[in-house]
Amino acid sequence: MSLTVLTACIYAESELEMKFEKDLLGLKNLNEEQILYVIDTARKMKMLIDSPNKKSPQLQGKTIITLFYENSTRTRMSFELATKYMSGNAANISASGSSVAKGETLIDTGKTLDMMGTDIIVMRHPCSGAADLLAKNVRASVINAGDGMNEHPTQALLDFYTILEHKGHIRDLKIAIVGDIKHSRVARSNVYGLTRLGAKVFLCAPKTLIPPDMEKTGAIITTNLKEALDGAEVVMGLRIQKERQNSGLLSSVREYHKFFGLNEQSLKMADKDAYIMHPGPVNRGVELASNVMDGPLSLINEQVKNGVAIRMALLYILTRRSI
Amino acid sequence: MRLLIKNGTLINAEGLTEMKRDILIADEMIMQIKENITDEYDMMIDATGCHVLPGLIDAHCHLREPGFEYKEDIESGTLSALHGGFTSIACMPNTNPVIDNEALINYIYDRSKQINRTKVYPIAAVSINQEGKMLTEMGFLKLAGAIAFSDDGKPVESSSFMKKALLYADTFDGLIISHCEDKSLCEDGVMNEGYMSTVLGLSGIPKVAEELMVYRDVRLAEYTGTKIHIAHISTRESVDIIRQAKNRGVKVTAETCPHYFTLTEESCDHFNTLAKVNPPLRTSDDVIAIIEGLKDGTIDIIATDHAPHHNDEKNVEFSYASNGLIGFETAFCLSYTYLVKPGHLTMSQLVSLMSFKPARILSLDAGEINEGKQADLTIVDVNERKTIDITKFKSKSSNSPYHGFEVYGEIKNVIIDGKVVL
Ligand SMILES: [Zn+2]
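What follows is the structure, encoded as structure tokens:
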């Protein structure tokens, strides 16, 4: 498809038939139609990423600021490239070296960005609820790029997109998520979205890394890796932070890998065509063995690419709704 | 000066209660209680349709002076208390500096006498600077007027220190008020641990962190044969532990606050920092148990834990927000609306919880309407429905999760030492 055709087909629906809120804060409040609409839009965006001339005009005249209170090269880069591919103005603020580090409140920072004419603020923050707080206090749209242990909706959406691309459907799929569920915003956003889309979600971790009453979200909780992996068609690993050893949540990385590690051996319990996913960055040899990560069923690189497409879709949708 | 209160329904915790009586006050004292008093008077309050209660007494509040006057001070705090119907309040010592010496006890008394409104009784710290290391001079402090001892806000962690504090305080017939919280179990928790904390991605404070300390302190009091008062209990198991201890004859008394029988952890949804308080709001099952504890007398008193904070300390990320909510101006109407109106308690029982028992626990000669007693009275009208409006609060702060709540219970008049101050 040529770029003009592509631009035309995206433009054809500049009147969004789907209603979206001002902000994308999490998947808790996104319904199935909205999720599928974002993914559908991302599909079109991906064509642009694949084309030799990665430039379309949809974000012309729009300013997207990434405001990151935590380091993350990949998510930030993904949003910045998404902005630039669509001709938007990208700027970034990180916590170190800005007024943020000098103790300015989140609301004050947000209002300042508002006054400078920002259309979308993409924020990552160590506190759960920070994106909600910002969204309530600014005119600009807010995209939550990860808040504390609460949500990381764009990651989950790119995960769904990747699963759909490879499995064709999500309903009734058995999906196992293995790793530090308790501290993971990725796990939470995935659970909210995947259960809504009809998947059977198994969560597996040592009991110290599972938050209380998690089963009320509709996911199935187990400490038995075999139960989680048995017949699973998609297996998602989550990052195990080595600091968890110091707080008494884990005894050793070695022991973790023995009982919960995803490797050739343990993955024999899963469906033979089970896809392997991970939000990255991966601790090779801890939650995921290197040969599995680099193996033919690994979708990890595909996730990264789809991440840009999903973010392009969201930037497009949220700037369009203000027209 | 003779003040006559006519046609009110008099409420006491014990004895003469729920009867229409006129009350004649001469100077500071209640002179006569009977039907249809026709004596001469200088001033008359028509209390037709209203209830006349012994002045409300709050055994647990934070006035923030000295050190945090931007949140509240004794001036604004007593005004807020007065508008909530309180004639006496006991303030916690977690100020800056901490109230751990006689000079500061005297300061609180001097300031409150100057302002001359709701009576203020300072609670002194258990340990110097609330550090849990050295005991305060409880003997001197008690002589200076410290009404009790507490490290509220920075609870005593060491069991051995708590044991010594109980014994030492008892030497001077002093009362220890314990904020029960096992800090190591709370870690970085900011709300009740459970389904809500899981879906909000917030670190939880488990109920057991409170319950372990309630049990520890109750057992220490039992073991040492001393008395203890447990502050702001919030869970079913805490109520059970205290109920069992009382059955064994332990000299334990306990308090809860209106937010523990009117709200649940659900109030924290959407990261509502106004519902962030310590102990945290629990579940509906706990609310039921707290109400049962109030009904059967396991819980002796309702305190406000009035904890003012500046807007800037609440209008931030949930994890960064300060703990606490203001309570003076909502305590009575919430307690009436949630306890008496649905029939859980009688008006007399509510008076016991909010006036009679707090007076007994703090050894104040107050909390009853009888001839010859000091005339501290609160007149309330429970017929009018009203909407709580935090913008109308007299407190310097407005950190209350109750804005917009529909309640019953308007404070009509407050009489302190025979003078109509509201
Ligand atoms: Zn306390």
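For the protein sequence lines, the chains are A and B, in the order given.
Positions 1 to 323 (the working numbering) are the ones given, in order, by the first sequence.
Positions 1 to 422 (the working numbering) are the ones given, in order, by the second sequence.
Using N, Cα and C, we set each Cβ at its ideal position, and we do this for glycine too.
Practice prompt. Quick one: using the 10 Å Cβ neighbour count with 16 as the cut-off for buried, is residue 254 of chain B buried or exposed?
Written response: Under the 10 Å beta carbon count, residue 254 of chain B is surrounded by 16 or more other beta carbons and is classified as buried.
Practice prompt. Go ahead and label residue 256 of chain A buried or exposed: buried means 16 or more other beta carbons lie within 10 angstroms of its beta carbon, across all protein chains shown.
Written response: Counting other Cβ atoms within 10 Å of its Cβ, residue 256 of chain A reaches 16 or more and is therefore classed as buried.
Practice prompt. Report the three-state DSSP secondary structure of residue 291 of chain A (helix, strand or coil).
Written response: Three-state DSSP puts residue 291 of chain A in a helix.
Worksheet item: Beta carbon of residue 151 of chain B: closer than 7 Å to some heavy atom of ligand 1?
Response: Flag unset: Cβ of residue 151 of chain B not near ligand 1.
Worksheet item: Shortest alpha-carbon distance to residue 297 of chain B belongs to which of B:182, B:32, B:100 and B:357?
Response: Of the candidates B:182, B:32, B:100 and B:357, B:357 places its Cα closest to the Cα of residue 297 of chain B.
Fill in: Identity of the residues DSSP links to residue 374 of chain B by a beta bridge
In the DSSP output, where bridge partners are listed per residue, residue 374 of chain B has B:29.
Discussion item. Just verifying my parser: in three-state terms, what is the DSSP assignment at residue 30 of chain A?
Written reply: DSSP places residue 30 of chain A in coil when its eight states are reduced to three.
Worksheet entry | residue 202 of chain B: contacting residues in chain A (beta-carbon distance under 7 Å) | Residues of chain A with a Cβ closer than 7 Å to the Cβ of residue 202 of chain B are, in chain order, 128.
Fill in: is_contact[residue 199 of chain B, chain A] using C-beta, thresh 8 Å
True, the Cβ-Cβ gap to chain A drops below 8 Å.
Worksheet item: In terms of residues, what are the limits of the alpha helix (DSSP H) holding residue 317 of chain B?
Response: Annotation: residue 317 of chain B is outside any alpha helix (DSSP H) and is labelled neither H nor E by DSSP.
Discussion item. Buried or exposed for residue 103 of chain B, going by 16 or more other Cβ atoms inside 10 Å?
Written reply: So residue 103 of chain B ends up on the exposed side.
Worksheet entry | Span separating the alpha-carbon of residue 263 of chain A from that of residue 128 of chain B | For residue 263 of chain A and residue 128 of chain B, the distance between alpha carbons rounds to 57 Å.
Worksheet item: How would you call residue 308 of chain A, buried or exposed, if buried means at least 16 neighbouring beta carbons within 10 angstroms?
Response: Counting C-beta atoms within 10 angstroms of its own C-beta, residue 308 of chain A has 16 or more neighbours from the protein chains shown and is therefore classed as buried.
Practice prompt. Whole angstroms is fine: what's the gap from residue 197 of chain B's alpha carbon to residue 337 of chain B's?
Written response: Spanning the two alpha carbons is a distance of roughly 28 Å.
Practice prompt. Please find out if some non-hydrogen atom of ligand 2 comes closer than 7 Å to the beta-carbon of residue 232 of chain B.
Written response: Ligand 2 is not part of the structure shown, which contains ligand 1 as its ligands.
Worksheet item: DSSP on residue 53 of chain A, reduced to helix/strand/coil?
Response: Residue state, collapsed to three classes: coil.
Discussion item. Could you tell me the alpha carbon to alpha carbon distance between residue 276 of chain A and residue 408 of chain B, rounded to whole angstroms?
Written reply: Straight-line spacing of the CA atoms in residue 276 of chain A and residue 408 of chain B works out to 60 Å.
Worksheet item: ligand 1 heavy atoms versus the CB of residue 179 of chain B: any closer than 7 Å?
Response: In this structure, residue 179 of chain B has its CB closer than 7 Å to one or more heavy atoms of ligand 1.
Fill in: Where the alpha helix (DSSP H) through residue 358 of chain B begins and ends
Run containing residue 358 of chain B: 357 to 361, per the alpha helix (DSSP H) assignment.
Worksheet item: Hey, does residue 220 of chain A have any beta-carbon neighbour from chain B nearer than 8 Å?
Response: At a cut-off of 8 Å between C-beta atoms, residue 220 of chain A does not count as an interface residue with respect to chain B.
Fill in: Inter-stretch contact at 8 Å, needing at least 3 Cβ pairs: the stretch 57 to 65 of chain A / the stretch 110 to 119 of chain A
Output reads yes: the stretch 110 to 119 of chain A touches the stretch 57 to 65 of chain A.
Worksheet entry | Exposure of residue 96 of chain B, with buried meaning 16 or more beta-carbon neighbours within 10 Å | The residue is exposed, with fewer than 16 neighbouring Cβ atoms inside 10 Å.
Discussion item. Any heavy atom of ligand 1 closer than 7 Å to the beta-carbon of residue 305 of chain B?
Written reply: Yes, the beta carbon of residue 305 of chain B sits closer than 7 Å to at least one heavy atom of ligand 1.
Discussion item. In this structure, how does DSSP classify residue 293 of chain B when only helix, strand and coil are distinguished?
Written reply: Three-state DSSP puts residue 293 of chain B in a helix.
Worksheet item: At a Cβ cut of 9 Å, what residues of the stretch 149 to 178 of chain A count as close to chain B, listed as they run along the chain?
Response: Close to chain B, meaning a Cβ-Cβ distance shorter than 9 Å, are the following residues of the stretch 149 to 178 of chain A: 149, 150 and 151.
Worksheet item: Between the stretch 357 to 372 of chain B and the stretch 264 to 279 of chain B, do three or more beta carbon pairs fall short of 8 Å?
Response: Cβ pair count under 8 Å is below three, so no.
Item to complete: Output, in sequence order along the chain, the residues in the stretch 280 to 313 of chain B whose CB is closer than 7 Å to any CB in chain A.
Response: Considering only beta carbons, no part of the stretch 280 to 313 of chain B lies closer than 7 Å to chain A.
Item to complete: Look at residue 120 of chain B and residue 87 of chain B and say whether their C-beta atoms are less than 8 Å apart.
Response: Going by beta carbons, residue 120 of chain B and residue 87 of chain B fall outside the 8 Å limit.
Worksheet item: Which bits of chain B does residue 213 of chain A rub up against, with CB to CB less than 8 Å?
Response: Annotation: Cβ neighbours of residue 213 of chain A in chain B (cutoff 8 Å, chain order): 194, 195 and 198.
Worksheet item: Nearest chain B C-beta to residue 111 of chain A closer than 8 Å, yes or no?
Response: Among the residues facing chain B, residue 111 of chain A is not included, as its CB has no counterpart in that chain under 8 Å away.
Worksheet item: Quick one: is residue 323 of chain A near chain B, going by C-beta distance under 8 Å?
Response: Low confidence applies to residue 323 of chain A: its pLDDT is 45, below 50, so where it sits in the model is not reliable, and the reading given next is rough at best. Not one chain B Cβ lies under 8 Å of residue 323 of chain A.
Worksheet item: Below 8 Å between beta carbons: does that hold for residue 267 of chain A and residue 299 of chain A?
Response: No; because the gap between Cβ atoms is not below 8 Å, this pair is not in contact.
Worksheet item: So is residue 169 of chain A buried or exposed if we call it buried at 16+ other beta carbons inside 10 Å?
Response: It counts as exposed.
Discussion item. For residue 203 of chain A, would you say it is in contact with chain B, using Cβ-to-Cβ distances shorter than 8 Å as the test?
Written reply: Under the 8 Å criterion on CB atoms, residue 203 of chain A is classed as non-interfacial with respect to chain B.
Item to complete: Identify which residue in A:161, A:139, A:291 and A:127 has its Cα closest to the Cα of residue 44 of chain A.
Response: Selected option, being the one with the closest Cα: A:161.
Worksheet item: By DSSP, does residue 66 of chain B sit in helix, in strand, or in coil?
Response: In the structure shown, residue 66 of chain B sits in coil (DSSP, three-state: anything other than H, G, I, E or B).
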